[in-house]
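Those sequence lines, one after another, are chains A and B. Quick note, the first sequence lines up with residues 0 to 315 if you use numbering that gives the first Met the number 0. Quick note, the second sequence lines up with residues 0 to 541 if you use numbering that gives the first Met the number 0. Ideal placement from N, C-alpha and C gives every residue a C-beta, glycine not left out. It should be emphasised that the depicted structure is a prediction, and the values quoted were computed from it without experimental measurement. Okay, structure first, notes after.
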Amino acid sequence: MTDTLAQYSLIAIYSAMAVYLVAFVTFTLDLAKRSAAAQSLAPAVPASVAGSGGTAVLERETPAAPQRNYTFERVAYALTVLAWLLHVAGTVLRGVAAQRVPWANMFEFSLTASAIVVGVFVVVQIWQNLRYLGAYISGFALIVLGFGTVGFYVDVVPLPPALQSYWLIIHVFVASLGTAFFALGAGLSVAQLLQARREAGRFPAAKFLDTLPDATKLENLAYRVNVVGFVFWTFTLIAGAIWAEHAWGRYWGWDTKEVWTFIIWTIFAGYIHARATRGWRGSRSAWLAIVGFAAVLFNFTIVNLFFKGLHAYSGL
Amino acid sequence: MSRPSDHIDSPAPSPVTQPALGPVGYLRFFWRQLTSMRTALLLLLLLAVAAVPGSLFPQRSSDPNGVIQYFDKNPASAPVLDGLQLFDVYTSVWFSAIYLLLFISLIGCVIPRTTHHLRALRGRPPRTPARLERLSVFVEVDAAGQDPAVAIDSARSMLRKSGYRAELFDGPTLSVSAERGYLRETGNLVFHTALIGILISVGIGGGFGYTGQKVLVEGQAFANVRLSYDSLNPGRFFSESTLPPYRIVLDDFSATYEEENRNALGQPIDFSADVTTYEGDGPGTKSTIKVNEPLRLDGNDIYLLGNGYAPSITVRDPEGEVVFSDQVPFLPSDANLTSLGVVKVPDGLAEQVGMAGFFYPTAAQLDTGALTSNHPDLQNPVLTLRVYKGDLGIDGGIAKSVYNLDTDELTAIAGDGAEEKALELRPGQTADIPGGLGTVAFDNKDPDADDLLQSVSRFASLDVHRDPTQGWVLFFAILVLLGLLTGLFIPRRRVWVKAVETSEGLRLEYAGLARGDDPGLEAAVTDIARRHSQQLGLKLSP
């Protein structure tokens with residue numbers, strides 16, 4: 000039974016990867032098409048305050064300058080949602096097969112974390128149209144799933160005593176949630192850096208950027224997303240410390256994984272301060288957010304694989 | 000000055016040439032530099048970078064054996080790295096310097112901000128600016144025929160209902176000035192103050208706390224006094240009188256291994272240490288310690304951090320007189336509990352005898368002929384012993400590890416190049432020590448059973464901790480989180496409503512100013528304008 004379910008889970012994941020691939024290609028085509036279309040468009044008119052005469056309420060700032068219908072984008076987004084549903088189904092099946100949360104080893108964690116990254120991307124669309132990040136997110140999910148299935152696949156095994164704790168559910172899930180927001184934030188910060196270059200006239204080739212919000216708007220979006228990630232990360236740190244106290248007898252011991260979690264927290268704390276420091280807004284703080292997310296990836300890959308530490312038993 | 004001068008919300012610096020500074024002036028200058036946003040940011044990033052080497056090099060605090068190995072492998076570079084404190088990064092001078100400077104900078108920032116905030120909490124919202132149209136969000140509404148006093152008064156009560164602190168101002172034109180979101184700054188200050196609280200709690204806890212280790216074989220008791228510990232790491236202000244007087248007996252240790260899932264045969268599923276604890280003269284209390292379930296006793300936390308086998312070994316002299324009999328803990332070296340142990344018999348035999356050996360709970364032969372264990376349970380227990388005679392080196396009064404046999408002054412008499420092969424024993428078997436020195440027996444703990452599953456006692460490795468400020472650290476950590484939530488997500492904003500009388504009648508002006516990041520300011524001000532207009536019965540053109 001367990002093996003059959005695990006097989007179904009894997010089939011769902013492979014299907015999700017196939018659909019992510021198509022979504023990624025379509026998102027990329029969409030960006031290419033935007034570049035072509037952007038040439039024929041007049042420059043974006045900034046939203047303006049109503050004239051002094053008469054009575055008026057300030058107009059809402061238009062989200063992405065000229066609102067148009069991007070067919071490719073809509074198809075790609077629909078495909079992403081489909082892939083995500085398959086992805087979630089595969090992850091849940093894995094959990095059912097193992098009769099526990101599906102994030103107890105590197106393979107399972109790559110399934111769950113990438114599902115949460117895409118999930119946050121999908122949910123965030125309700126709040127703000129960030130579909131222009133679709134190529135980045137679907138590509139990211141594809142790569143993570145590829146590494147997870149090819150490099151780290153393990154059969155379902157029971158939890159070792161050290162992982163038998165409800166903190167496994169809380170700590171790891173919130174860490175993934177934080178990672179998802181940082182991933183989105185890093186995407187926005189990259190877009191912001193590109194946009195800032197384009198606005199400075201140094202990037203004439205990337206015309207699709209004209210269809211994205213301006214650099215300041217991208218920076219504000221990135222900040223708001225990263226700040227949510229930071230709160231989740233802080234919680235992860237605290238929950239991890241409580242669990243460490245239960246399992247290892249001390250809440251903090253500078254284990255390699257703890258060290259990197261601390262480093263990431265410090266980088267993002269720096270990012271938030273940079274946003275409030277004169278001379279550090281804009282591209283500088285964007286770089287900090289990107290470095291922070293790179294450290295998150297480093298923590299989940301290099302530190303897990305090559306650094307000696309107590310988190311190593313999470314099974315590769 | 001409430002905020003550092005280079006905070007984004009502080010007024011831009013004016014390019015004034017500084018007069019020559021006296022000593023006090025310099026001190027003030029350095030203090031201002033230290034408490035500036037730029038310095039805090041730099042120190043934060045420096046702290047992140049400085050923490051990295053601690054994950055690259057083994058640390059004495061978390062991996063002392065790794066440090067020893069590093070010294071063995073890199074005898075040339077290790078002392079240099081040690082001189083740079085790279086094996087003690089988190090207690091090193093340079094790491095401490097960074098975080099202490101950071102916290103001084105933090106305190107220097109938090110104190111003036113707190114006093115400023117306390118004043119702001121009691122004070123009135125600031126006077127309405129003369130030209131509202133200059134603010135980032137500005138809306139105006141034609142209110143011809145309205146009475147300015149009524150309009151402003153209704154604006155004030157509406158703002159107050161929405162949680163604003165609102166104040167009327169006369170001046171040339173009537174206006175209301177309102178501010179909300181003081182909790183943002185409160186959260187911000189709580190966050191930073193709680194960080195200081197964590198640092199102080201950790202420092203105090205480290206000084207008064209202690210950690211100790213004790214290996215306990217089934218049936219053995221442990222009294223909580225300093226000498227009972229195998230090792231004890233006391234904090235700086237530790238005193239023996241702080242050890243609470245209790246006694247723990249390990250009644251039983253049970254390990255459960257996976258037997259059905261073919262992908263995980265032999266993987267541990269559960270470790271349980273059943274103990275009886277005695278406090279004072281009262282009767283014992285039974286409890287169970289598991290890996291994620293420590294025992295909390297008298298302010299001590301007792302953790303189950305390891306386990307293994309303790310074969311019962313009896314050594315007799317040629318006359319059959321017992322000269323050594325003990326359950327000897329063998330330390331596991333792999334997941335299938337292939338374990339290493341040492342027996343030292345200093346007295347009773349013709350010469351001092353030392354034995355070092357392996358214990359295999361489920362012995363199997365490799366192609367090379369060597370033994371290995373392929374399951375952690377006692378399916379085919381085998382004990383092999385290399386035997387040495389000579390000087391054990393324990394008479395000189397120098398403390399020696401019970402887990403280590405120094406063979407420099409010893410001669411191998413079985414195994415390790417000697418004529419005789421190493422002794423190989425199963426539970427219940429006895430072998431002669433070569434040279435007619437006597438016999439060694441591997442006792443079976445459960446001789447009447449059909450199988451050998453209970454033939455060898457197990458030991459539990461317990462860690463005893465006391466951290467008197469652990470609860471405080473948690474308390475401050477929760478404050479950090481709450482402070483973060485309010486400090487980041489509650490918007491702080493100022494809103495003004497002004498009644499301007501013009502030749503064409505009354506005009507109402509609405510304006511808002513964000514203090515800190517506030518993406519919802521525009522929507523909030525337009526919403527206030529809309530609701531207020533509706534209340535006054537004004538028509539708002541789209």
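(message) If you reduce the DSSP assignment to three classes, tell me which class Ser47 of chain A lands in.
(response) Because Ser47 of chain A sits at a pLDDT of 39, beneath the cut-off of 50, its placement in the model cannot be relied upon, and the following sentence gives the value as read from the coordinates. The three-state secondary structure of Ser47 of chain A, taken from DSSP, is coil.
(message) Does any residue of chain C have a CB that is nearer than 8 Å to the CB of Thr3 of chain A?
(response) Reference to chain C is not applicable here, since the protein chains of this structure are A and B.
(request) Identify the contact partners of Ser164 of chain A in chain B, using a Cβ-Cβ distance below 7 Å as the criterion. (result) Going along chain B in sequence order, the residues near Ser164 of chain A (Cβ under 7 Å) are Asn291.
(message) Assuming contact is defined by CB atoms lying nearer than 8 Å, are Tyr552 of chain B and Thr406 of chain B in contact in what I supplied?
(response) Because chain B is modelled from 0 through 541, residue 552 of chain B falls outside the range shown and cannot be assessed.
(message) On a Cα-Cα basis, can you pick out the residue from A:Val189, A:Ala243, A:Pro203, A:Val227 that is closest to Glu218 of chain A?
(response) A:Val189
(request) Give a yes or no on contact between the segment 458-472 of chain B and the segment 302-310 of chain B, applying the rule of three or more CB pairs nearer than 8 Å. (result) yes
(request) Pull up the CB-CB distance for Trp259 of chain A and Ser54 of chain B, whole angstroms please, since I reckon it's below 8 Å. (result) 6 Å
(request) Could you tell me the distance, in whole angstroms, from the CA atom of Ser240 of chain B to the CA atom of Asn223 of chain B? (result) 11 Å
(request) Reducing DSSP to helix, strand and coil, say where Leu211 of chain A ends up. (result) coil
(message) Rounded to whole angstroms, what is the Cα-Cα separation between Pro354 of chain A and Ala275 of chain A?
(response) With chain A running from 0 to 315 in the structure shown, residue 354 of chain A is simply not present.
(request) Kindly indicate which three-state DSSP category Ile527 of chain B falls into: helix, strand or coil? (result) helix
(message) What does DSSP give as the partner residue(s) for Glu500 of chain B in the beta ladder?
(response) DSSP output for Glu500 of chain B lists B:Leu505 as bridge partner(s).
(message) For Val274 of chain B and Ala161 of chain A, I'd like the C-alpha separation in whole angstroms.
(response) 20 Å
(request) Please classify Thr172 of chain B: does DSSP put it in a helix, a strand, or coil? (result) coil
(request) Ignore the nearest five residues each way along the sequence and tell me which others in Ser324 of chain B's own chain have a CB closer than 7 Å to its CB. (result) Thr313
(message) Which residues does DSSP list as the beta-bridge partners of Ser95 of chain B?
(response) For Ser95 of chain B, which the question treats as bridged, DSSP gives no partner whatsoever.
(message) Please confirm whether Phe219 of chain A has its beta-carbon closer than 8 Å to some beta-carbon of chain B.
(response) The sequence given here places Asn at residue 219 of chain A; Phe does not occur at that position. At least one chain B Cβ lies under 8 Å of Asn219 of chain A.
(request) Could you spell out where the alpha helix (DSSP H) holding Ala97 of chain A opens and where it closes? (result) Taken as a continuous stretch (DSSP letters only), the alpha helix (DSSP H) holding Ala97 of chain A covers 70-97.
(request) Would you check if there are 3 or more beta carbon pairs closer than 8 Å linking the segment 246-255 of chain A to the segment 503-522 of chain B? (result) no
(message) In this structure, how does DSSP classify Thr276 of chain A when only helix, strand and coil are distinguished?
(response) strand
(request) Identify, in the order they occur along the chain, each residue of the same chain with its Cβ nearer than 7 Å to the Cβ of Thr54 of chain A, setting aside the five sequence neighbours on each side. (result) Bear in mind that a pLDDT of 38 at Thr54 of chain A, under 50, signals an unreliable position, so the number given afterwards is only what the model happens to contain. Excluding residues within five positions, none has a Cβ falling inside 7 Å.
(request) Please report how far the alpha carbon of Val214 of chain B lies from the alpha carbon of Pro328 of chain B, in whole angstroms. (result) 8 Å
(message) Using a 10 Å radius around the Cβ and a threshold of 16 neighbouring Cβ atoms, would you call Arg112 of chain B buried or exposed?
(response) buried
(message) Strictly under 8 Å for the Cβ-Cβ distance: is Tyr222 of chain A near chain B by that measure?
(response) yes
(message) Spatial neighbours of Asp269 of chain B within its chain, please: C-beta separation below 8 Å, excluding the five flanking residues on both sides.
(response) Ser253, Ala254, Thr255, Lys289
(request) Leaving aside the five residues before and after Lys32 of chain A along the sequence, list all residues of the same chain whose C-beta is less than 6 Å from its C-beta, in chain order. (result) Phe71
(request) Closer than 7 Å by C-beta to Arg196 of chain A: which residues in its own chain qualify, once you throw out the five before and the five after it? Chain order, please. (result) Phe202
(request) Let me know if Trp242 of chain A comes out buried or exposed under the rule of 16 or more other beta-carbons within 10 Å of its beta-carbon. (result) Buried.
(message) Between Asn262 of chain B and chain A, is any beta-carbon pair separated by less than 8 Å?
(response) At least one chain A Cβ lies under 8 Å of Asn262 of chain B.
(request) Between the Cα of Ala179 of chain A and those of A:His272, A:Val226, A:Arg73, A:Gly308, spot the shortest distance and give me the residue it belongs to. (result) A:Val226
(message) Between Gln534 of chain B and chain A, is any beta-carbon pair separated by less than 8 Å?
(response) Gln534 of chain B does not count as touching chain A.
(message) Just to confirm, is the Cβ distance from Thr127 of chain B to Ser91 of chain B under 8 Å?
(response) no
(request) State the beta-bridge partners of Asp462 of chain B as determined by DSSP. (result) B:Gln212, B:Tyr302
(message) On the criterion of 16 or more Cβ atoms from any shown chain inside 10 Å, does Thr61 of chain A qualify as buried, or is it exposed?
(response) Low confidence applies to Thr61 of chain A: its pLDDT is 43, below 50, so where it sits in the model is not reliable enough to give any reading.
(request) Name the two residues that bound the continuous alpha helix (DSSP H) containing Leu26 of chain B. (result) 22-33
(request) For Asn232 of chain B, write down the residues that DSSP places opposite it in a beta bridge. (result) B:Thr210
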